[in-house]
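So the sequence shown is numbered by my numbering: it starts at 1043 and just counts up by one.
I have placed the structure first, in the form of structure tokens, so that the comments after it can refer back to it.
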Amino acid sequence: MEASLTGKKLLMQLANLKSPEVEALSRDTPVVVPIAALEQHGLHLPLFTDSLLLGEIVRRADARLANLAVFAPLMWLGNSDHHLDFSGTLSAPPRTYLDLLSGLAENLVFHGFKRLIFLNGHGGNDVPGRQAVFEVRQRHRDRADLLLLLATYWNLADPTSLPQLGLRQSQLLHACEWETSMILRLAPDLVGEIRSLDPVAPGNAFEPASRAWITKDRSALGHIGDPREATAEKGEGLFQAYADGVVGLVERVIAWNGKDWEG
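Spelled out as structure tokens, the structure:
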């Protein structure tokens, strides 16, 4: 499907399509729904960090996939109750958020789409997101042709692509070296002072048990990790790795045979 505006090919942004154009799409076209958050990110990063980062990853992936997948507008409200002690955080409570995602999936299924991906950019969305796609699948038990996925972008990168970036942390945390590096690459004017920040270790003495927590249990200042190690160069490498991972997942969804577990 192609459209033109000043001679340029439009990408498949659901918000830009007209209803008849959506109606004309193959129902095997993957629909990607980006979900993020608006919440505190320590003393040095903007509240919109998760949404800014996921938006850039989606932009890069969409440009490469062109007309092979439909991208819904990014949902900036997430499940961020654990950050509510910090000013500016906005949150949908877990059960409300679960119902919201479930309702969106049901809308898309009602319109006939069969391959749905919630692309997540915030850790607090993971549990309600997984539960949402699980519950929708149970309601459509007779549909072997439905593929309902929740994928968090930092889990999609090829792990062999990350060591060469010179990262000091072993994983993405919160307002950390990794997130700060990406904001330095994307919007450096939004990054505050980082050199005076002390690192905050991510440990959990009760692992492998899953411990209930709020952010202030772990960090008085709101960040977890070491923002001092951030650079824009690391951020560009992370964006590339994460966009590669998203493109790879969508390509696997496109290649699914529409009926089998392994596809």
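Here a beta-carbon is modelled for each residue, glycine too, at the ideal position from N, C-alpha and C.
Leu1146 places its beta carbon 9 Å or farther from that of Leu1191. In terms of Cβ geometry, Gly1163 and Pro1076 form a close pair [threshold 9 Å]. Looking at the DSSP output, Val1074 sits in a beta bridge with Phe1113, Ile1159.
By the neighbour-count criterion, in which 16 or more other beta carbons inside 10 Å mark a residue as buried, Asn1121 falls on the buried side.
By DSSP's assignment, Gln1055 forms a beta bridge with Phe1113. Counting C-beta pairs closer than 8 Å gives three or more between the stretch 1285-1297 and the stretch 1185-1205, which meets the contact rule.
For secondary structure counted as the beta strand (DSSP E) over 3 or more consecutive residues, the stretch 1184-1208 holds these complete runs in sequence order: 1189-1194. Nearest in C-alpha terms to Ala1114, of all of Asp1168, His1153, Met1054, is Met1054. The Cβ atoms of Asp1104 and Asp1200 do not sit closer than 9 Å to each other. Residue state for Gly1267 is assigned as strand, using DSSP reduced to three classes. Within the model, the alpha-carbon separation for Pro1241 versus Ala1272 is close to 12 Å.
Under the 10 Å beta carbon count, Gln1082 is surrounded by 16 or more other beta carbons and is classified as buried.
Under the three-state reduction of DSSP output, His1125 falls in the helix class. Remark: C-beta atoms of Met1224 and Leu1161 do not approach each other more closely than 9 Å.
In the displayed model, Leu1232 falls within a helix according to three-state DSSP.
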